[in-house]
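S.K.: Protein chains in written order, with the numbering used here: chain A, 3 to 848; chain B, 29 to 299. Beta carbons: idealized from backbone N, C-alpha and C, even for Gly. All values reported here derive from a predicted model rather than from experimental measurement. Take a look at the following structure, please.
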Amino acid sequence: MFRTALRNLLAHKTRLMMTALAVLLGTAFVSGTLVFSDSVGSAFRDRMSKSLDDVAVSVTAGGGRPGTDAKDERPLDDRVVDSVRALPGVAAVRPSVSGAAVIADKRNNPAGSEWGSTGANYVPGPNGKDSRYPIVKGRGPAAEGEIVLDAGTAGKTGAEVGGTVRLAVDGPVMTKKLVGIARTDDPRVSAGGSLALFDTATAQKLFGKPGEFSELVVSATPGTDQRKLTAEVRRVLPQSFEAQSGKQLAATESRMIDEQTSSIRKTLLVFAGISLFVGVFIIANTFTMLIAQRSREIALLRAVGASRRQVVRSVLIEAGLLGLAASAAGFVLGLGVATGLRSVLNATGASLPDGPLVVEPTAVLTALGVGVVVTVLAAWLPSRKAARIAPVEALAAIDQAPAPRGLVLRNSLGAALTGLGVATMLYVTTFKNSSGLQYAMAGSVLTLAGVIVLAPLLSRPFVHLFGRLAIRLSGVSGKLARQNALRNPRRTAATASALMIGLTLITGLTVAAVSADRGMDKMGPQDLTADYKVSSSSYRGLSPEIARTLAGQPGVDAAVGLRTTGFQTDGHPSLALATDVAAIAEVAHVRMVGGSLSDVRGTSAVAVSETFAKDRGLKAGATLPMSFYDGRKAAPRVVAVYRDNDVLSSVLTAPALVDPHMDKVRDDQVLLKAAPGRAKDLPAKIKETLGGNPLVKVQSQDDLRRADAGNIDDILYLMYGLLGMAVVIAVIGVVNTLAMSVFERTREIGMLRAIGLDRREVKRMVRLESVMIAMFGAVLGVGAGVFLAWSGGHLLRSSFPQYQMVVPWGRITVFLLLALAVGVLAALWPARRAAKLDTLEAIGAQ
Amino acid sequence: MSYPAPHAVPHIPRSGAVAARATALSKVYGQGETRVAALDSVSVEFRRAEFTAIMGPSGSGKSTLMHCMAGLDTISSGSTRIGDVELGSLGDRQLTALRRDRIGFVFQAFNLLPTLSALENITLPMDIAGRKPDPQWLQQVVATLGLSGRLAHRPSQLSGGQQQRVAVARALTAQPEIIFADEPTGNLDSRSGAELLGFLHESVRALQQTVVMVTHDAVAASYADRVVFLADGRIVDELREPTADAVLDRMRRLPGGNPRTPAFDAKGRTS
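Written out as structure tokens, the structure reads:
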């Protein structure tokens, strides 16, 4: 039987090619994921062991240690460093201080990402060099006016060594001289951040207090016990600092790396699993077709004495061999996938280190095992059909089309599953929060499974309807295509289902993302009528001077500074917004409930929002008791109430009321209205006016809205990419079905050619069948995706009230057009084969 | 069902016009050492409203002759015509259109599309051409072939004889200039075979069709007006108003001629 299986496999190489390709791609995804996560883990570990190589003890700021009651607020200064250095077994101590330093690029925007703009001190060792930051050009910083940058950031500023760099830490712009370029493998920098190095005194002044450090790295002489040394270091540390041994640190980091890589691995394996699942349909389809084509052979085997079990085993061995060959090739392709995944994920913001591909034996075995098991399992149902072939069929004179088996059982099961799934999803719509998540998952799986089981039934009305269109467009080719698509509803349905799975997920995610995006839009500053918002990345805010300066600029109609102060009223913390009340209407849409904003003047009158008024039981004319955080109190009168507004807070006052209670009078933001026609060139001018400080952010209304939405799009496109494999495999399935159908129908096609169907019409016939299958899958997928996204979306109602279901018709149209294109593309090769068939040979073919 | 016995009335073709003609037709396979001439300078004419049988032993080239004359196969030299159209000058598209519009086919097996009903199969060539069948003619053909009650059936619901009759109806309904039938009774039992041959005969007699049939069954050939004998790629003999015995007699004298008995032959195949 093994030999028969092998012979069969080799005899049908071309026919099995597409199936092998489907298995190959699926296992490539699996093995790619495994190799990728192994490689990333190993690269992380590699880097970690390098950076922790000579770390015996690490000292960082941390919560107070238990057991010591005495308050110890000593800073981590040179005295502590010296006492650590004096401990026996200590070889060296590297004290460091770091913080955020924003470097201005050529256009005065931050050169690095918001979270990756780091600054630190350069710690020269005995040889005058800092081994942590090798200088590749120039020298290390040695004086207050000097700075060293990483190569990427230096490039963005446009400064050469010897030139000047503009930067800000949390306040005004500083200018420093670039004296060198340093190399770093800090992942934050490689992920789009920037690194700035200063001499220790400067760094302390910028990021801490003179003479104080934030971190120590202690290296030990050989043979020192790390644990003992850690305990000793801990003893000399101030209470607010924590010491960890290098080994502890390594263990902690190693655990974090494992967690991180295993979560990446799990996520990717979900998508790989989807691809494999789609592949199952293709494998099952192929073996069903192969067994139908070979029924006479199988009957002959049975007639000469093969048992049912031997026949089944032969089919399964054939599937196993196919799976093994395909997954071996898939593993090789997986190495390429692993390389590709790194760049794909890095492009979407993950910062994964470079490193060699690591091929663990488990990855090889898993990939091969998964490929073989999936193929054999998928061939299992068809193999049982082979067992049912009676020996007498070998003797039948004419190939009789097997009587189509009834779909009654299948349809009943499908209806039950679909009904249960839809009912579950409808139940999900009664939830308001994620507590219904498990129901939603179960409902989605049930609905999808039900639709897949029901697909043969559903294919009939769809193909009839679509066939009517096809017949109108291309006459007899359309009619023949329709009949071919109807001929074997199981085959049509299985092929379409493969495509449906991918499209359901893609549509569902798209609907959710577009709806979330729309919700975000609503969350955006609806009441903002200003063109720009000027703010500072630094917590120190903007000097009130800035609003006045900007208001005087040509092209600016209004510039209104807004500042917020906290206060308590009857013990409830709240926020008061102080601004030029007369000008606020120019930059925000304010609707009054009662009173007038023009009465909000001086220190004795405030306006409040409708909700605040209701919550606190305030009416116009009432007194609002305010106790500020400087300990003083005020009791202004409520003179006006406005509708809730997302620019204004709960309480609106004139600056005179709150300014005296502020530590330092700073605006949080300046809202700016441009003169008509001047909106375009304002951002650059504003930046210039404010001295080119990279901390100053000028955001248009669009920027403000897009700040969050951009992220959703990135994730959505990543999902599209990962689901792309499933769609590609489904397309291969369409090619496979068509190619095998063309093979099966060789004689029919020959006959059609003889009685006058020309090559173009034969091609069109195959192409239309392909398009019908693809469109059927797409329509099912889009329908299921929209339904699942609609019902599942209800779970967001409480946590994201602005979320509102939006059907993205534009994108859905694009999906359907793509499915159309997929149908046409998938038919290219099978249609060509069909058209090229030699008429005479085809008629004579068995 | 009854059908006229062959040659109860001698049949004289109404017009002497030629429906198809081959002139010095050769068909060569292979080259050099392996060169085989399937047809060696064959010249033959088929007249309108005449039923011609092409006979010959296996490998005599009879199927090749039919395929070449019907535009299904290319020729090596010489010329073939359907009516006044020279086939050699036509491309694939034109040949396809010619087959569709001017030729009818009946094959030994697999004549019908399993997905279409009998009626849809019958009108398929006209569907392809985008023409509407003449309803009166269609009804006459269907009635003649005894298919009236079977039109909505799928091929799998019809007997072998009925399936071949649907194939004949398909060939007749388009009113082609000539019908080529390749061993049409090859897969039928003798009763169904006789029935089918009777219909072909009748279509020539009553409907003025032109039929060319390839066969190696002497009884089948005896239904024709004329039998052309082929051996080793050449026309070696011809017989008019044949009887089964006369055909068998000629066959025995052919080089390589060794006709099998009709009963055995009913399931045999030539190609």
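1) If I follow the unbroken beta strand (DSSP E) through Gln246/A, where does it start and stop?
2) What runs of the beta strand (DSSP E), each 3 residues or longer, lie entirely inside the segment 200–235 of chain A?
3) In chain E, which residues lie less than 8 Å from Ile775/A when you measure between Cβ atoms?
4) Taking the continuous beta strand (DSSP E) assigned at Asp152/A, which residues delimit it?
5) Under 7 Å Cβ-Cβ, which residues of chain B neighbour Ala756/A?
6) Using a C-beta to C-beta distance shorter than 7 Å, which residues of chain A count as neighbours of Gly158/B?
7) In this structure, what does DSSP give as the bridge partners for Ile131/B?
8) Could you check whether Val92/A and Ala45/A sit closer than 9 Å to each other, using their CB atoms as the reference points?
9) Tell me the residue span of the beta strand (DSSP E) that contains Glu750/A.
10) With the cut-off set at 9 Å, would you say Val280/A and Ala728/A are in Cβ contact?
11) How would you list, in chain order, the residues of chain B whose beta-carbon sits under 9 Å from the beta-carbon of Lys838/A?
12) Would you list the residues sitting across from Ile7/B in a DSSP beta bridge?
13) So, with DSSP's three-state summary, where would you put Asn647/A?
14) Residues of the segment 208–221 of chain B with a CB closer than 8 Å to any CB of chain A: list them in chain order, please.
15) Does any residue of chain A have a CB that is nearer than 9 Å to the CB of Arg198/B?
16) Under 8 Å between beta-carbons, which chain A residues line up against Pro153/B? List them in chain order, please.
17) Over what stretch of residues does the beta strand (DSSP E) that includes Gln671/A continue unbroken?
18) Give me the chain B residues within the contact set of Arg761/A, using Cβ-Cβ distance strictly less than 9 Å, ordered along the chain.
19) Since Ile137/A sits in a beta bridge, which residues does DSSP pair it with?
20) Give the range of the alpha helix (DSSP H) segment to which Ala849/A is assigned.
21) Starting from the C-beta of Ala203/A, find all residues in its chain whose C-beta is less than 8 Å away, skip the five residues before and the five after it, and write them out in chain order.
22) Quick one: does Trp165/B have its CB under 9 Å from some CB of chain A?
23) Need the endpoints of the beta strand (DSSP E) that Val608/A sits in, please.
24) Against chain B, with Cβ distances strictly below 9 Å, would Lys765/A count as a contact?
25) Mind pulling the chain B residues with CB within less than 9 Å of Gln295/A?
26) Going along the chain, which unbroken runs of the beta strand (DSSP E) with 3 or more residues stay wholly within the segment 18–89 of chain A?
27) DSSP on Ala65/B, reduced to helix/strand/coil?
28) Within the chosen definition, does the segment 38–56 of chain A reach the segment 366–381 of chain A through at least 3 CB pairs nearer than 8 Å?
29) Quick one: does His95/B have its CB under 9 Å from some CB of chain A?
30) Between which two residues does the beta strand (DSSP E) holding Val700/A run?
31) Please list, in chain order, the chain B residues whose beta carbon lies closer than 9 Å to that of Arg489/A.
32) Give the secondary structure of Ala234/B by DSSP, where H, G and I count as helix, E and B as strand, and everything else as coil.
33) Along the alpha helix (DSSP H) that carries Asn413/A, what are the first and last residues, could you check?
34) Taking Gln168/B as part of the alpha helix (DSSP H), name the residues at either end of that continuous run.
35) Give a yes or no on whether the minimum CB-CB distance between Asp409/A and chain B is below 9 Å.
36) Can you name the residues that DSSP bridges to His14/A?
M.R.: This is what the structure gives:
1) Counting along the chain, the beta strand (DSSP E) containing Gln246/A begins and ends at 243–247.
2) Runs of the beta strand (DSSP E) inside the segment 200–235 of chain A: 217–222.
3) Structure shown: chain E not included; protein chains present are A and B.
4) That run of the beta strand (DSSP E) goes 148–152.
5) Those are Leu100, Arg127, Phe133, listed as they occur along chain B.
6) Those within 7 Å of Gly158/B in chain A are Gly477.
7) Residue pairing by DSSP places Ile131/B opposite Ile206/B in a beta bridge.
8) At least 9 Å separates the beta-carbon of Ala45/A from that of Val92/A.
9) Going by DSSP, Glu750/A is part of no beta strand (DSSP E) but of the alpha helix (DSSP H) stretching over 748–756.
10) Closer than 9 Å, so yes.
11) Ordered by position in chain B, no residue passes the 9 Å Cβ test against Lys838/A, which lies about 11 Å from the chain.
12) Given that chain B is displayed from residue 29 to residue 299, the structure contains no residue 7/B and the question cannot be resolved.
13) Looking at Asn647/A - three-state DSSP - the assignment turns out to be coil, as it is neither helix nor strand.
14) Those would be Asn215, in chain order.
15) Closer than 9 Å to some Cβ of chain A, the Cβ of Arg198/B qualifies, so yes.
16) Neighbours of Pro153/B in chain A, taken as residues at a C-beta separation under 8 Å, are given in chain order as Ile757, Gly758.
17) First-last of the beta strand (DSSP E) with Gln671/A: 671–676.
18) Against chain B, a Cβ distance below 9 Å from Arg761/A picks out Asp120, Arg121, Thr124.
19) DSSP lists Ala184/A as the bridge partner or partners of Ile137/A.
20) No information on residue 849/A is available, as it lies outside the stretch 3 to 848 that chain A covers here.
21) So the qualifying residues of the chain are Glu146, Pro212.
22) Not one chain A Cβ lies under 9 Å of Trp165/B.
23) That run of the beta strand (DSSP E) goes 607–611.
24) Chain B contact via Cβ: absent.
25) Per Cβ cutoff of 9 Å: no residues; Gln295/A is ~15 Å from chain B at best.
26) Contiguous beta strand (DSSP E) elements confined to the segment 18–89 of chain A occur at 59–63, taking only those with 3 or more residues.
27) Secondary structure of Ala65/B (DSSP, three-state): strand.
28) Between the segment 38–56 of chain A and the segment 366–381 of chain A there are fewer than three inter-stretch CB-CB distances shorter than 8 Å, so the stretches are not counted as touching.
29) Answer yes: the Cβ-Cβ gap between His95/B and chain A drops below 9 Å somewhere.
30) Counting along the chain, the beta strand (DSSP E) containing Val700/A begins and ends at 698–702.
31) Taking a Cβ-Cβ threshold of 9 Å, the residues of chain B close to Arg489/A are Pro142, Thr143, in chain order.
32) Three-state DSSP puts Ala234/B in a helix.
33) Secondary structure note for Asn413/A: its alpha helix (DSSP H) is the uninterrupted segment 410–430.
34) Counting along the chain, the alpha helix (DSSP H) containing Gln168/B begins and ends at 163–172.
35) Note that residue 409/A is Leu in the sequence shown, not Asp. False, the Cβ-Cβ gap to chain B never drops below 9 Å.
36) Listed as beta-bridge partners of His14/A by DSSP are no residues whatsoever.
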